[in-house]
Amino acid sequence: MTIKSTNEKMGQGVGFERIRRITGYLVGTMDKWNDAKRAEERDRVKHSLNKNA
Amino acid sequence: MIQSIIKRDGRIVLYDQNKIAAAILKALEASGDGNAMDAARVANDVQRELEGKFSDQAPNIEAVQDAVEQQLMNHGFNAAAKAYILYRANRTRAREANTKLMKTIDEITNIDARISDMKRDNANIDGNTAMGSMLQIGAAGAKAYNEMYLLRPEHAKAYRDGDIHIHDFDFYSLTTTCCQTDIIKLFKDGFSTGHGFLREPQSIQSYAALAAIALQSNQNDQHGGQSIPNFDYGMGEGVAKTYKKAFARRLRDAVEDYLDLEDAEYTVSAVIADAEKTTGEVAKLCSSATYIAAVAEGLVKAFKIDKDTAEKLVKRASERAYKKTDRDTQQAMEGFVHNLNTMHSRAGAQTPFSSINYGTDTTPEGRMVIKNILLALDAGMGHGETCIFPIHIFKVKEGVNYNEGDPNYDLFRLSCQVSAKRLFPNYTFLDAPFNLQYYVPGRPETEVATMGCRTRVMGNVYDPTREIAYSRGNLSFTSINLPRLAIEAKGDEKVFYEKLQAMLELVAQQLLDRFEIQASKHIYNYPFLMGQGVWLDSDKLSVNDDLREVLKHGTLSIGFIGLAETLTALYGHHHGESEEMQEKGKAILGFMRKFCDDKSQELKMNFSLLGTPAEGLSGRFIRMDQKRYGKIPGITDREYYTNSFHIPVWYPISAYDKIRLEAPYHALCNAGHISYVELDGDTARNVEAFESVVRCMHDFGIGYGSINHPVDRDPVCGYVGIIGDVCPRCGRREGEEIPFERIEELRRKYPKMPAFQGIE
């Protein structure tokens with residue numbers, strides 16, 4: 001990826017990379033995920049460490 | 054009078070009664086029903102029927118064929134009529150497959166992968182590249198052929214309709230899934246990649262380089278994940294070689310410096326050789342006192358120096374050699390990780406799908422490997438990116454690394470720190486009863502190891518003396534659409550189990566059909582996997598032997614998806630919601646496991662039950678079921694079926710309960726399983742909290758687990774961590790630009806900040 005710099009500034013149009021575990025493995029960034037797995041990732045809830053949650 | 058007919062593509066051609074008679078004759082001959090005279094008579098009546106219906110209009114080809122069918126029956130040629138109908142149906146299927154294939158290739162060629170879900174079916178293949186597209190086109194062609202020519206009609210129908218999913222169907226006629234490569238055995242005396250011979254490696258750098266090449270080579274022979282089960286033990290041998298050489302060199306340097314000699318190499322080598330002879334040992338990271346004394350004594354004699362000085366020289370050489378070896382190992386591990394994230398397989402469309410298992414080697418050499426591979430993982434790639442490959446698997450074992458005071462406990466702690474930042478390693482638990490039953494101390498091949506998404510191979514019904522992880526793998530797997538069986542059973546448990554039994558039989562038969570194709574292959578089809586003895590017993594085959602017997606060390610696995618939706622469809626709620634449902638869930642998977650065990654005993658082959666990874670499948674089954682049954686609340690109303698036996702991702706539950714409820718299914722799914730816990734970023738970075746989750750998994754008998762937490766990166770300032778809407782380091786929002794001065798300022802503040810990528 002190339003980051004273009006203009007007017008002494010940089011980063012225009014550059015997104016954040018978000019790495020998540022897809023099944024047992026990782027995938028570079030989420031834009032390569034299929035629609036169903038994207039939806040699943042969106043729905044994931046965090047698990048608390050409280051035993052009685 | 055019929056003059057012409059309209060073909061399928063719209064062209065109008067002259068009507069030719071002879072052609073019709075010829076087609077009829079073929080049907081008559083196929084059924085042994087009649088002769089050319091009969092054919093001519095039927096053809097005459099076909100023409101009469103068409104004239105009655107169309108007078109002098111041109112009929113289309115379908116109407117002509119309808120008339121042929123009708124007249125064959127009118128003349129009492131029922132068997133021939135049947136043959137003709139079948140022929141028509143087959144032709145239609147072939148035509149449709151061709152059209153579908155061309156449409157698919159059209160989509161691969163012309164549509165951006167960001168828009169085409171089909172092109173993102175496997176997230177590790179970049180469908181936008183030339184080689185990635187070529188791979189997808191090849192896969193589409195192979196699938197069309199395999200469905201048409203290799204599947205029994207009932208299997209083709211079940212696959213097409215979404216009752217089952219045949220994984221890696223494009224490779225149906227070609228190869229097997231995966232393998233655990235024993236690198237110690239492979240490296241002994243060198244090996245050939247199929248493109249050239251490599252000598253036995255002599256340093257940790259070449260050990261690491263060749264390990265990557267081994268994974269790459271095997272990836273050309275199999276479609277699934279490639280794994281090293283003994284990374285620490287194997288690389289440890291390279292560390293030992295590097296140290297031995299470094300010690301000799303450092304000792305020579307020390308002697309030359311101290312005595313101001315120009316070249317002491319010959320004499321020092323002789324001293325070392327002598328010490329090796331008398332003690333039967335070589336220089337090691339922690340050499341024995343006997344060996345060190347023998348070397349010192351040799352120096353005293355050879356160089357006429359006093360004992361104190363000699364001992365000092367040996368000590369200095371040992372310390373320096375240790376540092377050098379540690380540095381070399383660190384570089385070798387970094388190189389290994391970089392290699393696996395950049396080297397190509399499958400014509401450049403993918404990197405090898407690689408895994409490495411480690412954690413239990415307690416020798417100083419093995420420990421040095423484990424420490425440095427974890428540090429390389431922690432450091433990330435060139436710009437601090439998280440490494441995607443290899444999958445790191447840390448083997449947890451009581452008495453080895455699990456408890457304080459265990460020899461590798463420090464490395465287990467380090468692994469938690471790294472995983473809390475980089476998502477790897479995952480953890481496999483050798484103390485889970487279904488893993489412990491195979492474990493023999495001192496025999497690392499009996500330690501369970503994982504490959505790919507979650508595949509596990511241990512038991513061996515074919516050869517019970519070889520219940521090991523090394524040199525084996527999965528042959529193929531097919532998954533059952535479990536929720537559909539439950540929906541179709543309409544709440545009737547008995548009907549559900551009957552349907553499940555029938556589906557298990559169907560899948561077992563299909564796996565055996567596929568095995569027949571695989572079994573008929575030869576060594577030369579797999580120059581690395583079989584030609585280099587990577588697969589168990591393949592070194593005993595001769596060139597004309599087929600692979601049938603050696604492949605029986607592998608597994609045929611029956612997978613499934615959506616236990617949660619299945620329970621909801623049958624009983625109204627899932628196993629996260631009540632203990633009663635947990636029992637029902639265990640009963641269903643227990644039934645499936647028993648089927649696999651019985652089949653294994655019956656055929657003396659390894660059938661096993663798999664909690665399918667289901668990357669592409671999560672959407673495929675449910676889309677088809679939504680079309681059939683609509684959106685049923687709690688069952689088909691989302692965009693995906695829940696993975697394997699997991700508690701649904703959207704269901705609020707504590708980590709403790711999730712682990713407790715999922716653990717029993719690990720024992721049942723002997724082909725592979727994994728459980729995840731989702732932590733928020735702050736908790737994950739608390740190493741105590743992170744470790745407590747791993748310990749909870751261990752104590753409940755989880756087989757394989759990992760902890761998910763968000764890992765984000767801002768490519769502009771290089772920050773790795775959790776990024777909400779705003780980057781916590783440079784303060785920009787997604788897509789926003791920031792001034793150079795700000796970056797310079799940050800760079801001064803964070804000197805370890807990675808260099809920025811390709812700034813123009």
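Residue numbers (my numbering), protein chains in the order written: chain A, 1 to 53; chain B, 54 to 813. Cβ atoms here follow ideal geometry from the backbone N, Cα and C, with glycine treated the same way. Here the structure is a predicted model, which is why all the values come from computation and not from measurement.
My understanding is that residue i touches residue j, with C-beta atoms under 8 Å, so please give their C-beta distance in whole angstroms.
{"i": "A708(B)", "j": "V746(B)", "result": "6 Å"}
{"i": "L26(A)", "j": "L476(B)", "result": "6 Å"}
{"i": "Y411(B)", "j": "F447(B)", "result": "7 Å"}
{"i": "E207(B)", "j": "L559(B)", "result": "7 Å"}
{"i": "V335(B)", "j": "E418(B)", "result": "Not really, about 12 Å apart at Cβ, beyond 8 Å."}
{"i": "L609(B)", "j": "S529(B)", "result": "6 Å"}
{"i": "G734(B)", "j": "P763(B)", "result": "5 Å"}
{"i": "N723(B)", "j": "R509(B)", "result": "7 Å"}
{"i": "L467(B)", "j": "N454(B)", "result": "The pair is not a contact, with the Cβ atoms about 10 Å apart (cut-off 8 Å)."}
{"i": "D431(B)", "j": "V471(B)", "result": "5 Å"}
{"i": "N479(B)", "j": "H445(B)", "result": "7 Å"}
{"i": "N818(B)", "j": "D98(B)", "result": "In the structure as shown, chain B starts at 54 and stops at 813, and residue 818(B) therefore has no counterpart that could be examined."}
Taking 8 Å as the threshold (C-beta atoms), are residue j and residue i in contact?
{"i": "T531(B)", "j": "I727(B)", "result": "no"}
{"i": "M288(B)", "j": "V422(B)", "result": "yes"}
{"i": "I237(B)", "j": "A264(B)", "result": "no"}
{"i": "T689(B)", "j": "I675(B)", "result": "yes"}
{"i": "G629(B)", "j": "Y704(B)", "result": "yes"}
{"i": "H606(B)", "j": "D516(B)", "result": "yes"}
{"i": "N271(B)", "j": "F581(B)", "result": "yes"}
{"i": "I73(B)", "j": "I65(B)", "result": "no"}
{"i": "M30(A)", "j": "R21(A)", "result": "no"}
Helix, strand or coil, according to DSSP, for residue i in the structure here?
{"i": "L81(B)", "result": "helix"}
{"i": "Q679(B)", "result": "helix"}
{"i": "E787(B)", "result": "coil"}
{"i": "G215(B)", "result": "coil"}
{"i": "V769(B)", "result": "coil"}
{"i": "K637(B)", "result": "helix"}
{"i": "G811(B)", "result": "Bear in mind that the predicted position of G811(B) carries a pLDDT of just 43, short of 50, making it unreliable; the figure below should be weighed with that in mind. G811(B): coil per DSSP, three-state reduction."}
{"i": "D599(B)", "result": "strand"}
{"i": "E731(B)", "result": "strand"}
{"i": "F581(B)", "result": "coil"}
{"i": "N513(B)", "result": "coil"}
{"i": "N392(B)", "result": "helix"}
{"i": "I441(B)", "result": "coil"}
{"i": "I35(B)", "result": "No answer is possible for residue 35(B): the residues shown for chain B start at 54 and end at 813."}
{"i": "A53(A)", "result": "With a pLDDT of only 43 at A53(A), under the threshold of 50, the placement of this residue in the model should not be trusted; the figure read from the coordinates follows. DSSP places A53(A) in coil when its eight states are reduced to three."}
{"i": "N127(B)", "result": "helix"}
Report whether the distance from the Cβ of residue i to the nearest heavy atom of the ligand GTP is below 7 Å.
{"i": "P417(B)", "result": "Absence of the ligand GTP from the depicted structure is noted, as is the absence of any ligand whatsoever, leaving it without description."}
May I ask you to list the residues that DSSP assigns as paired with residue i?
{"i": "H627(B)", "result": "In the DSSP output, where bridge partners are listed per residue, H627(B) has none listed."}
{"i": "G725(B)", "result": "T508(B) and L663(B)"}
{"i": "Y411(B)", "result": "F447(B)"}
{"i": "T481(B)", "result": "K448(B) and Y757(B)"}
{"i": "T608(B)", "result": "N527(B) and N659(B)"}
{"i": "G774(B)", "result": "D765(B)"}
{"i": "M645(B)", "result": "Per DSSP, none; premise fails for M645(B)."}
{"i": "E17(A)", "result": "R766(B)"}
{"i": "P792(B)", "result": "K9(A)"}
{"i": "Q403(B)", "result": "S398(B)"}
So the candidates are the options; which of them puts its Cα closest to the Cα of residue i?
{"i": "Q403(B)", "options": "E82(B), I675(B), E149(B) and G180(B)", "result": "G180(B)"}
{"i": "N113(B)", "options": "K210(B), K135(B), E160(B) and S57(B)", "result": "S57(B)"}
{"i": "I570(B)", "options": "F356(B), L600(B) and T608(B)", "result": "L600(B)"}
{"i": "S408(B)", "options": "E633(B), Q279(B) and I611(B)", "result": "Q279(B)"}
{"i": "I760(B)", "options": "Y772(B), A737(B), Y515(B) and D767(B)", "result": "A737(B)"}
{"i": "A349(B)", "options": "I77(B), V367(B), D735(B) and C232(B)", "result": "V367(B)"}
{"i": "I755(B)", "options": "L721(B), T378(B) and D733(B)", "result": "L721(B)"}
{"i": "G725(B)", "options": "D235(B), N527(B), P460(B) and E82(B)", "result": "N527(B)"}
{"i": "L103(B)", "options": "D119(B), A385(B) and I190(B)", "result": "D119(B)"}
{"i": "N88(B)", "options": "R691(B), Y694(B) and L125(B)", "result": "L125(B)"}
{"i": "T413(B)", "options": "F284(B), E655(B), I675(B) and S661(B)", "result": "F284(B)"}
{"i": "A262(B)", "options": "N392(B), Q554(B) and D379(B)", "result": "N392(B)"}
{"i": "R148(B)", "options": "L489(B), V390(B), Y198(B) and F130(B)", "result": "Y198(B)"}
{"i": "N664(B)", "options": "Y694(B), A192(B) and G683(B)", "result": "What sits at residue 664(B) in the sequence shown is Gly, not Asn. That would be Y694(B), whose Cα lies nearest to the Cα of G664(B)."}
{"i": "I190(B)", "options": "R205(B), K172(B) and E200(B)", "result": "K172(B)"}
{"i": "F698(B)", "options": "M634(B), E498(B) and G669(B)", "result": "M634(B)"}
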